[in-house]
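Engineer:
2 protein chains.
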Amino acid sequence: MSADFVLYGYFRSSAAFRTRIALNLKGIKPELRFVHLRRDGGEQHRPDFEAINPHKLIPALVHDGHTITQSLAIVEYLDEIVPQPPLLPKDPFGRARVREIADAVACDIHPIANLRVNQYLEKEFKADAKAQIRWQRHWIRLGFEALETMLARSKETGRYCHGDTPTLADICLIPQMANARRVELDLSPYPTLVRIEARALTHPAFDAALPKNQPDAE
Amino acid sequence: MSADFVLYGYFRSSAAFRTRIALNLKGIKPELRFVHLRRDGGEQHRPDFEAINPHKLIPALVHDGHTITQSLAIVEYLDEIVPQPPLLPKDPFGRARVREIADAVACDIHPIANLRVNQYLEKEFKADAKAQIRWQRHWIRLGFEALETMLARSKETGRYCHGDTPTLADICLIPQMANARRVELDLSPYPTLVRIEARALTHPAFDAALPKNQPDAE
Chain H
1 MSADFVLYGY
11 FRSSAAFRTR
21 IALNLKGIKP
31 ELRFVHLRRD
41 GGEQHRPDFE
51 AINPHKLIPA
61 LVHDGHTITQ
71 SLAIVEYLDE
81 IVPQPPLLPK
91 DPFGRARVRE
101 IADAVACDIH
111 PIANLRVNQY
121 LEKEFKADAK
131 AQIRWQRHWI
141 RLGFEALETM
151 LARSKETGRY
161 CHGDTPTLAD
171 ICLIPQMANA
181 RRVELDLSPY
191 PTLVRIEARA
201 LTHPAFDAAL
211 PKNQPDAE
Chain A
1001 MSADFVLYGY
1011 FRSSAAFRTR
1021 IALNLKGIKP
1031 ELRFVHLRRD
1041 GGEQHRPDFE
1051 AINPHKLIPA
1061 LVHDGHTITQ
1071 SLAIVEYLDE
1081 IVPQPPLLPK
1091 DPFGRARVRE
1101 IADAVACDIH
1111 PIANLRVNQY
1121 LEKEFKADAK
1131 AQIRWQRHWI
1141 RLGFEALETM
1151 LARSKETGRY
1161 CHGDTPTLAD
1171 ICLIPQMANA
1181 RRVELDLSPY
1191 PTLVRIEARA
1201 LTHPAFDAAL
1211 PKNQPDAE
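Written out as structure tokens, the structure is:
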């Protein structure tokens, strides 16, 4: 099956990182194609990639003649076609809780702190490198504060965000932790997030998905 | 069943708008509680609401003793507990396509153009009202260009984003169209989006969910 999958990614992209974790957890080894994101006109703007994904964003997964973009849609797709190990719990409320944590990262933190937003801040508001770091830290901090509160107070939080096995929630959280470390955000106010990250990074599926362990890493 | 649901919302919030459409499609009439979002310290910052949602964002749905935040998680939850009419197709690739369209709006357009980002632009970069409108138009335009390309070229696009019945994709697209109209974005480059919006607004579930038709509308 693995040979049927093609993943367009970039080592540093945290959305691609999510899909790498999910593919690893499912035991799928896709053919990898690298789309180098750059500040000044990266490869995501090339017409051949735009034909694959008009959004000019990575990741994109090609499987069985279909192209799927959007990391969360890719992870849910993988979970539907390869059910073991499950990336969502069985009960509807548990599923909602996992998606809620995933969306808190994937909707409310990551897109705002993303490269293209920072590029536009520079263009539109002359935001320098320091202001861009401040911007990223602000949105990560805001999201992490709420996630820490939510995870610390819930009996459903286990060794991972939901229980003791990895789910879609961890698949989103761990790449965001890597982004937070890249902008040197003080993580001491988020002991639950740090504890879950430490646990996840002992798991080979997460470790192998780390940016530094990718063939295109600089 | 309806009496068991409580929805925390605000007429103008497009994330709350999504959940209103889904509730209407499922025939659920929740008890409504209004959280008035304001530029200068809205009700989402009140401690009683923060206890419900540490993210201080709406919507939040309370059902059966559980609180669910994040509009996409709420819609997927409703679709799992009330299967008819389905808000996602049955085949995995169709489901991925619908989630991809939904996420293109819910991750890559809406959060960046949102109120709290605009407030922070004002604080951090002295962005005035005009610059904030320009900012919102930019991100909506970028997302709509890709969505128009994607929807116009696919045989799976029907009267709605995916086939001839409403799905999670339309539940995200229609509120975003309302936001685009609010900032007077020129919609003529997006005939497919405009056509789907016109169709959706003939559906009572979409019409009843419109901001102007809410009890808290100003």
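Those protein sequence lines, which keep their order, are chains H and A. With my numbering, the residue at position 86 of the first sequence is 86, and numbering never jumps. With my numbering, the residue at position 188 of the second sequence is 1188, and numbering never jumps. For glycine and all other residues, C-beta sits at the position ideal for the given N, C-alpha and C.
Please list the residues of the region 83-110 of chain H that have a C-beta atom closer than 7 Å to any C-beta atom in chain B, keeping them in chain order.
Structural biologist: The structure shown contains no chain B; its protein chains are H and A.
Engineer: In chain H, what lies closer than 7 Å to A/Thr1069 by C-beta?
Structural biologist: Residue numbering aside, residue 1069 of chain A sits at position 69 when the second sequence is read from its first letter. Taking the beta carbon of A/Thr1069 as reference, the chain H residues within 7 Å of it are Glu100, listed in sequence order.
Engineer: In angstroms with no decimal places, state the Cα-to-Cα distance between A/Leu1142 and A/Tyr1160.
Structural biologist: Reading the second sequence from its first residue, position 142 is the one you call residue 1142 of chain A. Reading the second sequence from its first residue, position 160 is the one you call residue 1160 of chain A. Going from the Cα of A/Leu1142 to the Cα of A/Tyr1160 covers about 21 Å.
Engineer: What's the gap between the Cα of H/His45 and the Cα of A/Met1150?
Structural biologist: Here residue 45 of chain H refers to the residue found at position 45 when the first sequence is read from its first residue. Here residue 1150 of chain A refers to the residue found at position 150 when the second sequence is read from its first residue. So the alpha carbons of these two residues sit roughly 16 Å apart.
Engineer: Note down the Cα distance separating A/Ala1022 from A/Asp1004, rounded to an integer number of angstroms.
Structural biologist: For the purposes of this step, residue 1022 of chain A is taken as residue 22 along the second sequence, with counting starting at 1. For the purposes of this step, residue 1004 of chain A is taken as residue 4 along the second sequence, with counting starting at 1. Taking the straight line from one Cα to the other gives about 16 Å.
Engineer: Candidates A/Asp1048, A/Leu1147, A/Lys1155: which alpha carbon is nearest A/Ala1169's?
Structural biologist: Reading the second sequence from its first residue, position 169 is the one you call residue 1169 of chain A. The residue with the shortest Cα to Cα distance from A/Ala1169 is A/Leu1147.
Engineer: Please classify H/Gln84: is it buried, with 16 or more other beta-carbons within 10 angstroms of its beta-carbon, or exposed?
Structural biologist: Along the first sequence, read from residue 1 onward, the residue named residue 84 of chain H stands at position 84. Burial call: exposed.
Engineer: Alpha carbon to alpha carbon, what distance is there between A/Leu1025 and A/Leu1072?
Structural biologist: Mapped onto the second sequence, residue 1072 of chain A falls at position 72. Mapped onto the second sequence, residue 1025 of chain A falls at position 25. In a straight line, the C-alpha of A/Leu1072 is about 15 Å away from that of A/Leu1025.
Engineer: Within 8 Å, do at least three Cβ pairs link the region 1060-1070 of chain A to the region 1121-1141 of chain A?
Structural biologist: no
Engineer: Less than 8 Å between the CB atoms is what I'm expecting for A/Thr1167 and A/Leu1087, so what's the real figure, rounded?
Structural biologist: Counting from 1 along the second sequence, the entry for residue 1167 of chain A is found at position 167. Counting from 1 along the second sequence, the entry for residue 1087 of chain A is found at position 87. With 8 Å as the limit, A/Thr1167 and A/Leu1087 qualify as a contact, their Cβ atoms being about 5 Å apart.
Engineer: Expressed to the nearest angstrom, what Euclidean distance is found between the alpha-carbon atoms of A/Ala1152 and H/Glu145?
Structural biologist: Position 152 of the second sequence, counted from the first residue, corresponds to residue 1152 of chain A. Position 145 of the first sequence, counted from the first residue, corresponds to residue 145 of chain H. Distance between the alpha carbons of A/Ala1152 and H/Glu145 is about 41 Å.
Engineer: Who are the neighbours of A/Pro1211 on chain H, taking C-beta pairs under 8 Å?
Structural biologist: In the second sequence, counting from the first residue as 1, residue 1211 of chain A sits at position 211. What A/Pro1211 touches in chain H: nothing, since even the nearest Cβ is about 20 Å away.
Engineer: Closer than 9 Å, Cβ to any Cβ of chain A: which residues of the region 135-156 of chain H, in chain order?
Structural biologist: Going along the region 135-156 of chain H in chain order, one finds Trp135, His138, Trp139, Leu142, Gly143, Glu145, Ala146, Leu147, Glu148, Thr149, Met150, Arg153 with a Cβ nearer than 9 Å to chain A.
Engineer: Entirely within the region 82-111 of chain H and at least 4 residues each: give me those alpha helix (DSSP H) ranges in chain order.
Structural biologist: 92-106
Engineer: Give the interface partners of A/Ala1127 over in chain H, defined as CB-CB distance under 7 Å, in chain order.
Structural biologist: By 1-based counting over the second sequence, the position of residue 1127 of chain A is 127. The answer, in chain order, is Phe125.
Engineer: Return the CA-CA distance between H/Lys90 and H/Asp79, expressed in angstroms with no decimal places.
Structural biologist: Residue numbering aside, residue 90 of chain H sits at position 90 when the first sequence is read from its first letter. Residue numbering aside, residue 79 of chain H sits at position 79 when the first sequence is read from its first letter. Answer to the nearest angstrom: the Cα atoms are 12 Å apart.
Engineer: Considering only DSSP beta bridges, list what A/Phe1206 is partnered with.
Structural biologist: Along the second sequence, read from residue 1 onward, the residue named residue 1206 of chain A stands at position 206. Partner(s): none; A/Phe1206 has no beta bridge.
Engineer: For H/Ile68, name the three-state secondary structure that DSSP assigns.
Structural biologist: Against the first sequence, residue 68 of chain H aligns to sequence position 68. Correct three-state label for H/Ile68: strand.
Engineer: Which residues bound the beta strand (DSSP E) around H/His63?
Structural biologist: As a working note, residue 63 of chain H is residue 63 in the first sequence. 60-63 is the span of the beta strand (DSSP E), which, as asked, contains H/His63.
Engineer: So, with DSSP's three-state summary, where would you put H/Glu31?
Structural biologist: For the purposes of this step, residue 31 of chain H is identified with residue 31 of the first sequence, where counting begins at 1. It is a strand residue.
Engineer: List the endpoints of the continuous beta strand (DSSP E) containing A/Gly1143.
Structural biologist: If you number the second sequence from 1, residue 1143 of chain A lands on position 143. Unbroken run through A/Gly1143 is the alpha helix (DSSP H), 1129-1153; no beta strand (DSSP E).
Engineer: For the putative contact between H/Leu32 and H/Leu7, defined by C-beta atoms under 8 Å, what is the C-beta separation to the nearest angstrom?
Structural biologist: Here residue 32 of chain H is taken as the residue at index 32 of the first sequence, counted from 1. Here residue 7 of chain H is taken as the residue at index 7 of the first sequence, counted from 1. The pair is a contact, with the Cβ atoms about 6 Å apart (cut-off 8 Å).
Engineer: In the structure shown, what three-state DSSP assignment does A/Tyr1120 receive?
Structural biologist: In the second sequence, counting from the first residue as 1, residue 1120 of chain A sits at position 120. Helix.
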